[in-house]
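Accompanying notes for the structure given below.
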Amino acid sequence: MNKSLCFLIFLFAAQACKTVQDDKSTPMIRKDIHSYAEDAVIKQLILDLEADFENRVLKGSGTYQIETNGADYIVLDLRGPEIFTVLVDGEKADFKLGTEDPILGQALVIPVKPGSKTVSIFYQTRPDADALQWLSPQQTSGHQYPFLFSQGQAILTRTWIPIQDSPGIRFTYQATIRVPKELMAVMSARNVQVKNPDGIYRFTMLQPVPAYLMALAVGDLAFKATGARSGVYAEPSVLEKAAWEFGDTEAMIAAAEQLYGPYAWERYDLLVLPPSFPFGGMENPRLTFATPTVIAGDRSLVSLVAHELAHSWSGNLVTNADWNDFWINEGFTTYFERRIMEALYGREYSEMLASLALAELHRLVLEIGPQSKDSHLHLDLKGRNPDDGMNSIAYEKGYFFIRLLEEKIGRSRFDEFLKKYFSEHAFQTMNSERLLEYMKRHLPLDSLQINAEEWIYHPGIPANCPAPVSDRFDKVEQAYRQMAASQHWDTLLTSGWSSHEWVHFIAQVPDTVHPAQLKKMDQAYRFSESGNGEILDIWFEKAIRGGYSPEILERIEDFLVHIGRRKYLMPLYKAFKATGQIETARRIFNRARPNYHSVSANSVEQLLKE
Ligand SMILES: [Zn+2]
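The numbering of the sequence shown is my numbering, which starts it at 649 and goes up by one.
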């Protein structure tokens, strides 16, 4: 390792005025502020890594087929991995590392010749690599074997692979992953369905993907089919329940194809991770990574599968050019998710989901402030970790914007538009500016008074935001009012409710409620013992804010220690903080931290130190 300051100063000065061409067939897109990559780009990656569970490192090499585009160096993103040797076209080469930025990491600069074809990098990850979570056997469902998984989005892939970590740069990949013989490795690629006795797994991803969609998991896994081109990977103790819960996957694929054209990735499988997985799901192509908290036993939370499946079009096929336009991935996907849910379970059901979403959107805008720039769809994440700026705005404000388009334009015409949009931009990137231009060319935005600019570039919720209609929720509100007035928590009135109705019911409870009232409700409906994460989460939040939490603290603590899903953690830690119980929050966090992935741990830590 050596550094040449002059060379780097020249490099970074040159970088400021350069652009990267995301794809030959698409116009130039401004350079990604979260990547050091320049003109020379990776086209294919061949990864060869061994998973060393004892030392919690991955070690081996990456070999990159490159296109120099006339440049005499190639720049990769790196944060953490130790580089041993670099070869260019098989010859040992010099390399330089830029100054370490706490968010972006370092630029790895490798001199090449304009005609150079391959670069090989021999390296090893660090035990604390942010993308990777190494779990002890106690942290898994089976308690017998360790587990490893990666989470690349937004800019964490550079902590386990030296890579051009920008959504605008796509490459195909092959990988050989060596793991202990009793474990199985899976990736966002073509996977086997049974363990290999030698512990060596080979993967191919034929469709070009951006770095954030590179994903690896290693554990005691088994596979069960849920249809002709779908199935579930999970630890054996979870497999049967998971396969039942996701039994509608094949029907979801069919519904999605009906709406937006052929599925481009051959198979759609799900991997159920241990509870520490920080997100609901991650749309790693061909193999969605999912939290076990969606296995509620009644298929009530499978909109998550519809969501991750929808990313096979919006996000994985047409990708946000950089993280400022994260809403282009998530807004379309959330809209698409609810269309799939409507196709499978009916409009009444999908309208309940949309109503919950609108409530969440209003709550969030209130929390971050109606003038906050973080409530724009198009974000300004310069100098920030993209992960910090990502909240429900991209999903739900994005959803209501797309839904508004559908309502104004008419469903069948809008569906035609979307089909065309996805097929014309497949395997390309998109940003707000180009999307708006494209929409204006194909849709009468101005005459329909959509106010698209206001939706994309202004804060808050525009006045023309669509309003979901849910009779079932109206009944829930009525029932709540009636029972709160009489203090008689009737179980007859609530029979046959779905978990969404229960969540909406609990949402009616004001923060000013008396702890004794909460206790009565808990006795009547046993919320604290629910097997549904959505119900538990909102109930525990109400309990903390309403002063009832000391009576059920053990349960709340158990939930926070065993579940690492950030969406569930943050409202509870925030509630502790808001009610002067920060010491309780800190104590629980200290206990829970080893079970959290860095994505969740960093968010909670940030909250509790403020
Ligand atoms: Zn998503």
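From the three backbone atoms N, C-alpha and C, an ideal C-beta is built for every residue, glycine too.
Using alpha carbons as the reference points, say which of the options lies closest to residue i.
i	options	result
I811	G1181, N968, A833 and T773	T773
I825	P785, G879 and D846	D846
E905	L783, D868 and K1067	K1067
I694	D1170, Q822 and R806	Q822
A1002	H959, A688 and S951	S951
E1108	D696, H1073 and S1023	It should be noted that the sequence gives Gly, not Glu, for residue 1108. Nearest option by C-alpha distance: S1023.
I1050	W1103, H1073, G1017 and S1040	W1103
V736	E715, G929, D725 and T805	E715
V953	F980, A944, L918 and D946	L918
T1160	S764, T1227, S1146 and L1208	T1227
N1112	V1124, F1121 and Q1097	Q1097
E1149	E1125, E1008 and K1168	E1125
A944	F1065, D700, V689 and L1184	L1184
D1122	P1110, F1153 and S1147	F1153
L756	S764, G728, G763 and D1094	G728
I1230	K1215, E1072, H1210 and E1253	E1253
P775	D700, R877 and S764	D700
G1144	D1063, D946, S1040 and L1006	D946
Considering only their Cβ atoms, is the gap separating residue j from residue i smaller than 8 Å?
i	j	result
L887	A870	yes
G1046	L1025	yes
M900	I988	yes
Y1196	L1217	no
P922	T788	yes
Y1043	T982	yes
E1177	P1114	no
N932	L861	yes
L1141	A1127	yes
R934	Y911	no
A1233	L1256	yes
A833	T807	no
I1186	A1155	yes
G1212	N1238	no
D720	S683	no
W782	R704	yes
E956	T936	yes
M605	A1074	The first residue shown for the chain is 649 and the last is 1258, placing residue 605 beyond what the model contains.
S1146	S948	yes
G928	T897	no
How big is the Cα-Cα spacing for residue i and residue j?
i	j	result
P759	Y1069	39 Å
F743	R818	23 Å
V1247	H1136	43 Å
K889	G1179	13 Å
A938	P828	23 Å
P794	V1117	47 Å
R1082	N968	11 Å
L752	L745	13 Å
K1225	P1219	10 Å
D671	G867	For D671, the predicted structure reports a pLDDT of 40, less than 50, and the residue's modelled location is therefore unreliable. A value from the coordinates is still provided. One C-alpha to the other measures close to 36 Å.
M853	M930	17 Å
E990	T820	34 Å
A1164	G1194	10 Å
Q799	L706	15 Å
W971	D1036	11 Å
V723	I809	13 Å
When you measure from the CB of residue i to every non-hydrogen atom of ligand 1, does any distance come out below 7 Å?
i	result
E1015	no
T1227	no
T981	yes
E1044	no
E978	yes
E931	yes
H1010	no
H682	no
H959	yes
H955	yes
Name the one or two DSSP bridge partners that residue i has.
i	result
P785	DSSP output for P785 lists no bridge partner at all.
A938	V920 and G929
F851	A823
S1040	Paired residue(s): none; S1040 is not in a bridge.
N973	For the sequence presented, residue 973 should be read as Asp rather than Asn. D973 is not bridged to any residue.
P858	R818
T1077	T967
Y1216	In the DSSP output, where bridge partners are listed per residue, Y1216 has none listed.
P759	Y721
F1049	According to DSSP, which records beta bridges pairwise, F1049 is partnered with nothing at all.
A865	F797 and V834
Compare the C-beta of residue i with all C-beta atoms of chain D and state if any pair is closer than 8 Å.
i	result
V760	The structure shown contains no chain D; it holds only a single protein chain.
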